[in-house]
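Asks: My questions will all concern the structure given below.
Residue numbers (this note's numbering): 4 to 373.
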């Protein structure tokens, strides 16, 4: 039985029936009554948003319980499920949230143990799994948690070594794998850990060169792949790294032009593709770069309008799609942009209501959803 902070998993699961991702559904008008959004996160077909007051709202697919609202019904309107949160993240079909007290809450799909609750059973109620957490990231079917002390913990699917624990065995309990970490990111089957000294470490699947280590060999241990890095982001099979000088570097699969290097050729080496960048994000086969002037640029797959450029044509060059942006996130085939005024804008696939605009109609133009 998995034990932490003096409580057994069974006790915590009992408490979760009361203290969980499960509040009465509330549907706000766009603008949320004046409350600003500070973060958005997209899974394959679901979404989470976090307000300045610590409330977590959800929309989209919920077959696996990933919305954490105590049932498995999809919703196309933003629905309140948790309060007192400071961080949010999505895997493919699971969700994670950190509360202001540092407790980590998880919910949703759990076939590979990616929730870290000591079993492989899905849940539609939030469960507390760790304490002292400062940052979280979701891979497709694995999860990562960075603690306040800089230690990195991982859990879930590990066939390609994406947990970075030196083997290929899955685990449904959280395992410490690194120290001295400042930022984390998870892709489909690969992971990154940015050390406090700016060295970027990678682990997991590398068939498409997404680790950027100059070959296509998978690794189940952490390999140093780049230096002077300030941010990292993962798509399904490609990766982005922002250096301290504001240059954007990309590596991996490039079938849709998601690397933004002007062609459709994949690479296993990091390639510089932009300058003057302040923030990065990636969806499944597409990429975003936020420049220092708050302009948003996009590249890659756009078959569902997820780039928000008014059409469904892919692009292998970076295209400006929005201005006045402060934060970005890419989901499976949908995207979010948080503007400097606190309003939230969305674009892309909406078959499951994941854009939170009250319907299931997709869009290739940015639409205000809060």
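Just so you know, even glycine gets a beta-carbon here, dropped at the ideal spot from N, CA and C.
Everything numeric in this text was worked out from a predicted model, so none of it was measured.
1) Return the CA-CA distance between residue 176 and residue 131, expressed in angstroms with no decimal places.
2) For residue 209 and residue 258, what's the separation of their Cα atoms in angstroms?
3) Identify the residues that DSSP records as bridge partners of residue 238: which are they?
4) Report yes or no: do the segment 226-238 and the segment 187-202 share at least 3 C-beta pairs separated by less than 8 Å?
5) Roughly how far, in whole angstroms, is the beta-carbon of residue 50 from the beta-carbon of residue 59, given that I think they are within contact range, below 8 Å?
6) Alpha carbon to alpha carbon, how far is residue 276 from residue 250? Give it in angstroms, no decimals.
7) Contact defined as beta carbons within less than 8 Å: I believe residue 369 pairs with residue 347. What is the distance between those atoms, to the nearest angstrom?
8) Whole angstroms is fine: what's the gap from residue 400's alpha carbon to residue 47's?
9) Grouping DSSP H, G and I as helix and E and B as strand, with all else coil, what is residue 351?
10) Counting only C-beta atoms, is residue 269 closer than 8 Å to chain C at any point?
11) DSSP state of residue 111, grouped into three classes?
12) Tell me which residue opens and which closes the beta strand (DSSP E) that residue 360 is part of.
13) Within the continuous beta strand (DSSP E) that includes residue 54, where are the two ends?
14) Indicate, with yes or no, if the ligand GDP has a heavy atom lying under 7 Å from the CB of residue 351.
15) Starting from the N-terminal side, write out each stretch of the beta strand (DSSP E) that is 3 residues or longer and does not extend beyond the segment 138-219.
16) Mind reading off the beta-carbon distance from residue 194 to residue 167? Whole number of angstroms is fine, and I expect it under 8 Å.
17) Assuming residue 311 and residue 289 are in contact, meaning their beta carbons sit under 8 Å apart, how far apart are those beta carbons, in whole angstroms?
18) Check whether the Cβ atoms of residue 117 and residue 144 lie closer than 8 Å to each other.
19) Below 6 Å CB to CB, which residues in the same chain sit around residue 64 once its five sequence neighbours on both sides are set aside?
20) Which class does residue 37 belong to by DSSP, given the choice of helix, strand or coil?
21) Can you name the residues that DSSP bridges to residue 59?
22) Going along the chain, which unbroken runs of the alpha helix (DSSP H) with 4 or more residues stay wholly within the segment 327-351?
23) Mark residue 4 as exposed unless 16 or more other C-beta atoms lie within 10 angstroms of its C-beta, in which case mark it buried.
24) Can you give me the C-alpha to C-alpha distance between residue 74 and residue 141, rounded to a whole angstrom?
25) Given that a residue counts as buried once 16 or more other Cβ atoms are within 10 Å of its Cβ, and exposed if not, what is residue 151?
26) Just mark residue 320 as buried or exposed, buried being the case when its beta carbon has 16 or more other beta carbons within 10 Å.
27) Kindly list the residues whose CB is nearer than 7 Å to the CB of residue 294, restricted to its own chain and excluding five residues on each side of it in sequence; keep chain order.
28) Among residues of its own chain, excluding the 5 on either side of residue 33, which ones have a beta-carbon nearer than 7 Å to its beta-carbon?
29) What separation, rounded to the nearest whole angstrom, lies between the Cα atoms of residue 353 and residue 363?
30) So which of 42, 125, 121 has the shortest CA-CA distance to residue 133?
31) Using CA atoms only, rank isn't needed, just tell me which of 291, 241, 87 is closest to residue 267.
32) In this structure, does DSSP put residue 304 in helix, strand or coil?
33) Considering only DSSP beta bridges, list what residue 324 is partnered with.
34) Thinking C-beta only, is residue 164 closer than 8 Å to residue 171?
35) Since residue 39 contacts residue 345 with CB under 8 Å, what's their CB separation in whole angstroms?
Replies: So, to answer that:
1) Numbered from its first residue, the chain shown carries residue 176 at position 173. Numbered from its first residue, the chain shown carries residue 131 at position 128. Each residue's alpha carbon lies about 13 Å from the other.
2) Stepping through the chain shown from its first residue, residue 209 is reached at position 206. Stepping through the chain shown from its first residue, residue 258 is reached at position 255. Each residue's Cα considered, the two are about 15 Å apart.
3) The residue labelled residue 238 in the question sits at position 235 within the chain shown. Beta-bridge pairing links residue 238 to no other residue.
4) yes
5) Translated into positions along the chain shown, residue 50 becomes position 47. Translated into positions along the chain shown, residue 59 becomes position 56. No, residue 50 and residue 59 are not in contact; Cβ-Cβ is about 11 Å, not under 8 Å.
6) Here the question's residue 250 lines up with position 247 in the chain shown. Here the question's residue 276 lines up with position 273 in the chain shown. The straight-line gap from Cα to Cα measures roughly 8 Å.
7) Taking the chain shown and counting its residues from 1, one reaches residue 369 at position 366. Taking the chain shown and counting its residues from 1, one reaches residue 347 at position 344. Not confirmed; about 10 Å, so no contact.
8) Within the shown structure, residues of the chain are numbered from 4 to 373, placing residue 400 beyond reach of any answer.
9) As a position in the chain shown, residue 351 is number 348, starting the count at 1. Three-state result, residue 351: strand.
10) Included in the structure is just one protein chain, with no chain C present.
11) Locating residue 111 in the chain shown gives position 108, counting from the first residue. In the structure shown, residue 111 sits in a strand (DSSP, three-state: E or B).
12) Within the chain shown, numbered from 1, the residue matching residue 360 stands at position 357. Segment: none, residue 360 is in no beta strand (DSSP E) and carries neither H nor E.
13) For this step, residue 54 is matched to residue 51 along the chain shown. Start and end: 49-54.
14) No copy of the ligand GDP appears in this structure; indeed no ligand is present at all.
15) 145-150, 155-159, 174-181, 184-189, 193-198, 203-207
16) Within the chain shown, the letter at position 191 stands for residue 194. Within the chain shown, the letter at position 164 stands for residue 167. Contact flag correct, Cβ pair sits at about 6 Å.
17) As a position in the chain shown, residue 311 is number 308, starting the count at 1. As a position in the chain shown, residue 289 is number 286, starting the count at 1. Not a contact, Cβ separation roughly 10 Å.
18) As a first step, residue 117 is located in the chain shown; it is residue number 114 there, counting from the start. As a first step, residue 144 is located in the chain shown; it is residue number 141 there, counting from the start. Yes.
19) One-based indexing of the chain shown puts residue 64 at position 61. 48, 49, 77, 355, listed in sequence order.
20) Within the chain shown, numbered from 1, the residue matching residue 37 stands at position 34. Three-state result, residue 37: helix.
21) Position 56 of the chain shown, counted from the start, is the residue given in the question as residue 59. In the DSSP output, where bridge partners are listed per residue, residue 59 has 53, 85.
22) none
23) Here the question's residue 4 lines up with position 1 in the chain shown. Any reading at residue 4 is ruled out, since the residue's pLDDT is 29, under 50, leaving its predicted position unreliable.
24) Locating residue 74 in the chain shown gives position 71, counting from the first residue. Locating residue 141 in the chain shown gives position 138, counting from the first residue. So the alpha carbons of these two residues sit roughly 22 Å apart.
25) As a position in the chain shown, residue 151 is number 148, starting the count at 1. Looking at its Cβ environment, which holds fewer than 16 other Cβ atoms inside 10 Å, residue 151 is exposed.
26) On the chain shown, residue 320 is found 317 positions in, with the first residue counted as 1. Classification for residue 320: exposed.
27) Within the chain shown, the letter at position 291 stands for residue 294. Result list for residue 294: 279, 280, 281, 300, in chain order.
28) For the purposes of this step, residue 33 is taken as the residue at position 30 of the chain shown. Residue placement at residue 33 is flagged as unreliable, the pLDDT there being 49, under the threshold of 50; the coordinate-derived value follows with that caveat. Correct list, in chain order: 371, 372, 373.
29) Here residue 353 refers to the residue found at position 350 of the chain shown. Here residue 363 refers to the residue found at position 360 of the chain shown. In a straight line, the C-alpha of residue 353 is about 5 Å away from that of residue 363.
30) For the purposes of this step, residue 133 is identified with residue 130 of the chain shown, where counting begins at 1. Ranking 42, 125, 121 by Cα distance to residue 133 puts 121 first.
31) Along the chain shown, one-based indexing puts residue 267 at 264. Ranking 291, 241, 87 by Cα distance to residue 267 puts 241 first.
32) As a working mapping, residue 304 is identified with position 301 in the chain shown. Coil at residue 304, not helix or strand.
33) Position 321 of the chain shown, counted from the first residue, corresponds to residue 324. DSSP output for residue 324 lists no bridge partner at all.
34) Residue mapping note: residue 171 aligns to position 168 of the chain shown, counting from 1. Residue mapping note: residue 164 aligns to position 161 of the chain shown, counting from 1. A contact, by the Cβ cut-off of 8 Å.
35) In the chain shown, counting from the first residue as 1, residue 39 sits at position 36. In the chain shown, counting from the first residue as 1, residue 345 sits at position 342. With a Cβ gap of about 3 Å, residue 39 and residue 345 count as contacting.
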